[in-house]
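**Q**
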Amino acid sequence: MIQMTNVSKKYMNHSALHEISLTLPIGKIIGIVGENGSGKSTILKLISGLSYPTSGTVTVNGVTANRRISKVVSYLSELDSFYYIFTVNQAMDFQASQFPDFNLSKAGEIMKFMQLEPQMKIKDLSKGNRARLKIMLTLAREVPYILMDEPLSGLDPMVRESIVKGMISYIDLESQTLIMTSHEIAEIEPLLDCFIAIKGGALLKMIDVEKLHESEGQGITSWMKKNYV
Amino acid sequence: MNGMRAWAALLKKDFKLTRTIFFVGLVINLLFVMLTMYVGKIADNTLLMFIPLGVAIVFHIFYIPMMVFISLKTEANQLHLWLHNPQPASRLLLSKIVNGLIMVIISLLMLYVMSGLLIEPKSSFIEPYWADIWTSGLLIFPHIIILSAMIGVCVLFLWSLFQFYKFRIGRWSWLVVIGAIVIPNWVTSLFESTSLYRLGTNWGGITYNFPSFSIAPIQIYTGEYLYNFVIIIGLFILTAWIIDNKVEV
Amino acid sequence: MDEFNASKPIYLQLADRISRQIVSKELKAGEKLPSVRDMGIKYSVNPNTIQRTYSELEREGILETKRGQGTFVTEQEERLVEQRVQLQHEQIQLFVQVMQEMGCSSQEIISGLKDYLNKFDLGDE
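Residue numbers (the numbering used here), protein chains in the order written: chain A, 18 to 246; chain B, 560 to 808; chain C, 1267 to 1391.
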């Protein structure tokens, strides 16, 4: 379980998050939505222990998050994150050497599914293939929490579809939770169990997508249009 | 076992990040050796020809800090990639130091062998100095390596300090780094001039004599080594702690 | 990717789709359905949602889960016939409701429907 309690985050004189409290269980696909700069990415960084709250606490399975929480959290940054000296295969081997939970056979499957060339140098990969590689490296870890920051942004529809299908194929919802940020709400809506709307660093809403339908008779996209102004 | 494998993979990665500069360094070594040969041809004084070689060797003091800095610069471009790793920061950092250490040893070894080959034909001239050259080599090479590693650790520390202050005070973090160089230097030089320092470190003295060089004997103390060793280890642990608990992406 | 209507939960929309596929015999009685995950991949939908769809249809008696074997269309023909009638009824109700809102009388609806079907049949043959 991931627990954020009264979390605020300030960078110098800019406030990124304000008094956020959340509990995220295992076995869900959770979307964090909101406009650029609303604090979505900051939430993922805090959970992965790559950033620290100015006040409040973030715990993962009861442990306060610092960078070594990466034992149970797999994090994908929205930035490019590779050592460009590596080939696809070397990047995979390196990931496997650093994370004992990295499942090489699963990685191989994802690589095939995503049609990645193992011998290609990363610096020669197209943008779409670099995105696919990033997904492969993150998704092949058998950890309870997989965090993906904007996994679909800036990619063409073909790549987005293969990534979405890859997520569904390789996430194990019996033992894992996938949390992703996105501003392409319509596209990820069918994927989500639950969504979190963040606005100006504050929590606007967190609700199961199904409950939203029951209580408001609408999906995320139309809810956002009405309430996220 | 697993931990060792993970660390070895880190070291291999760090080598790959810096290998181009490593090979460039070897080429520069070669150029210095050629310069030495050239000076040897045109100069009458045989000892003079070893000046370029000497310069090349002394410059190795900056070898590990440079390698560490270049390596960290690559990591800083995508800090989340380096930090999102279950290994403790001490291991991540050690890999960078050890990588630099291996490289500096290879580089110095190359210079050593090359200068040996250059000295060989002049051995008759060198003969009276031989014992002293051997002793000074024994003194100089390890000290260059140790000094280089120590400055390397300082670079790690200053870099982590910069990363820590980056999000707090923005561009002013350079001032912190400069302050972190100047103030401790000032404090330690004050401390090192006290009698307490001399009392604590002036033990286990070893004296090196160079009868053929016409210079005063060099006196060193085991206590001073221990003192520096403790400071460097402390600095390394502090750096690891900052990276594990304070640095953000 | 299949588009879904935002006004209704996705699991119910999928349940409707499967239900229609069964009525139209696209899925036959006793036929095995794809696993939750495969179905999720097919529609780019969360496997948990598919699970909810299957549970819903099981509750309605259209699907049956055999432990360790998967999910199947029920072999109880009368339940399927009933479902067919029910779906027809729903569509007719919708149609009639719209027609009535436009102020059509029952006579008009019937004759209009007859005309349309005749024309459609002629055009078809």
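Note that CB positions come from ideal geometry on N, CA and C, so glycine has one too.
8 Å is my cut-off, CB to CB: does N1312 of chain C come that close to chain A?
**A** With 8 Å as the cut-off, N1312 of chain C counts as an interface residue toward chain A.
**Q** Just to confirm, is the Cβ distance from Q637 of chain B to D141 of chain A under 8 Å?
**A** no
**Q** Which same chain residues, not among the five before or five after L670 of chain B, have their C-beta less than 7 Å away from its C-beta?
**A** Within the same chain, N588, L612, A615 and I616 come within 7 Å of L670 of chain B by CB-CB distance, once the 5 residues on both sides are set aside.
**Q** Please classify V586 of chain B as buried or exposed, where buried requires at least 16 other C-beta atoms within 10 Å of its C-beta.
**A** exposed
**Q** Near K1297 of chain C, which residues of its chain fall below 7 Å by C-beta distance, leaving aside the five closest residues on each side in sequence?
**A** What sits at residue 1297 of chain C in the sequence shown is Glu, not Lys. Result list for E1297 of chain C: F1338 and V1339, in chain order.
**Q** By the three-class DSSP mapping on this structure, what secondary structure does E1330 of chain C have?
**A** strand
**Q** What number of angstroms, rounded off, separates the C-alpha of E634 of chain B from the C-alpha of Y100 of chain A?
**A** 9 Å
**Q** Taking 8 Å as the threshold (beta carbon to beta carbon), is E807 of chain B in contact with chain A?
**A** So yes, E807 of chain B belongs to the interface.
**Q** Between L576 of chain B and the ligand NAP, is there a pair consisting of the residue's CB and a ligand heavy atom that are separated by less than 7 Å?
**A** Absence of the ligand NAP from the depicted structure is noted, as is the absence of any ligand whatsoever, leaving it without description.
**Q** Closest Cβ-Cβ distance between Y28 of chain A and chain B: below 8 Å?
**A** At least one chain B Cβ lies under 8 Å of Y28 of chain A.
**Q** Give the residues of chain C in contact with T238 of chain A, contact being defined as C-beta atoms less than 8 Å apart.
**A** Result: A1272.
**Q** Does P1300 of chain C get closer than 8 Å to chain A when you measure Cβ to Cβ?
**A** no
**Q** Residues in the segment 111-122 of chain A with C-beta within 9 Å of chain C's C-beta atoms, listed in sequence order?
**A** For the segment 111-122 of chain A, the set of residues with a beta-carbon nearer than 9 Å to any beta-carbon of chain C is empty.
**Q** Quick one: what does DSSP say K243 of chain A is sitting in, helix, strand or coil?
**A** helix
**Q** For A33 of chain A, I'd like the list of residues in its chain whose CB is within less than 6 Å of its CB, leaving aside the five on either flank, ordered along the chain.
**A** K26, G56, T59 and G218
**Q** Alpha carbon to alpha carbon, what distance is there between E1324 of chain C and E1391 of chain C?
**A** Residue confidence is low: E1391 of chain C scores 46 on pLDDT, short of 50, so the model does not pin down where it sits. Its coordinate-derived value is still stated next. For E1391 of chain C and E1324 of chain C, the distance between alpha carbons rounds to 40 Å.
**Q** Using C-beta distances below 6 Å, list every residue in its chain close to F581 of chain B, excluding the 5 sequence neighbours before and after it, in chain order.
**A** Residues M662 of the same chain have their beta carbon placed closer than 6 Å to that of F581 of chain B, with the five preceding and five following residues left out of the count.
**Q** Could you tell me the alpha carbon to alpha carbon distance between A1295 of chain C and L1346 of chain C, rounded to whole angstroms?
**A** 8 Å
**Q** Taking the C-alpha atoms as reference points, what is the distance between I774 of chain B and I610 of chain B?
**A** 18 Å
**Q** For G738 of chain B, count the other beta carbons within 10 Å of its own beta carbon; 16 or more makes it buried, fewer makes it exposed. Which is it?
**A** With fewer than 16 other Cβ atoms inside 10 Å of its own Cβ, G738 of chain B counts as exposed.
**Q** Measure the CB-CB distance between I188 of chain A and M197 of chain A and report whether it falls below 8 Å.
**A** no
**Q** For C1370 of chain C, which residues does DSSP report across the bridge?
**A** Note: C1370 of chain C is not bridge-paired with any residue in the DSSP secondary-structure output.
**Q** Using a beta-carbon distance below 8 Å, is L67 of chain A in contact with chain B?
**A** yes
**Q** Is the Cβ-Cβ distance between L715 of chain B and V627 of chain B less than 8 Å?
**A** Yes, Cβ-Cβ distance for L715 of chain B and V627 of chain B is below 8 Å.
**Q** Report yes or no: is there a C-beta of chain A within less than 8 Å of the C-beta of G1306 of chain C?
**A** yes
**Q** Can you list the residues of chain A that A568 of chain B reaches, using a CB-CB cut of under 8 Å?
**A** D110, F111, S114 and Q115
**Q** Mind listing the chain A neighbours of R650 of chain B? Cutoff is C-beta to C-beta under 7 Å, in chain order.
**A** Near R650 of chain B there are no residues of chain A at all, since even the closest Cβ is about 11 Å away, more than 7 Å.
**Q** Name the two residues that bound the continuous alpha helix (DSSP H) containing L640 of chain B.
**A** Counted as a single uninterrupted DSSP element, the alpha helix (DSSP H) harbouring L640 of chain B occupies residues L638 to L642.
**Q** Quick one: which residues of the segment 76-99 of chain A get their C-beta closer than 8 Å to a C-beta of chain B? List them in chain order.
**A** N83, R84, R85, S87, K88, Y92, S94, L96, D97, S98 and F99
**Q** Could you tell me whether any Cβ in chain C is nearer than 8 Å to the Cβ of G145 of chain A?
**A** no
**Q** Which runs of the beta strand (DSSP E) fall wholly inside the segment 150-210 of chain A and span at least 3 residues, in chain order?
**A** Segments of the beta strand (DSSP E) lying fully in the segment 150-210 of chain A: 162-166 and 194-199.
**Q** Do L570 of chain B and V672 of chain B count as a contact pair if the criterion is CB distance below 8 Å?
**A** No; because the gap between Cβ atoms is not below 8 Å, this pair is not in contact.
**Q** Are any of the Cβ atoms in chain F nearer than 8 Å to that of I102 of chain A?
**A** No chain F is part of this structure, whose protein chains are labelled A, B and C.
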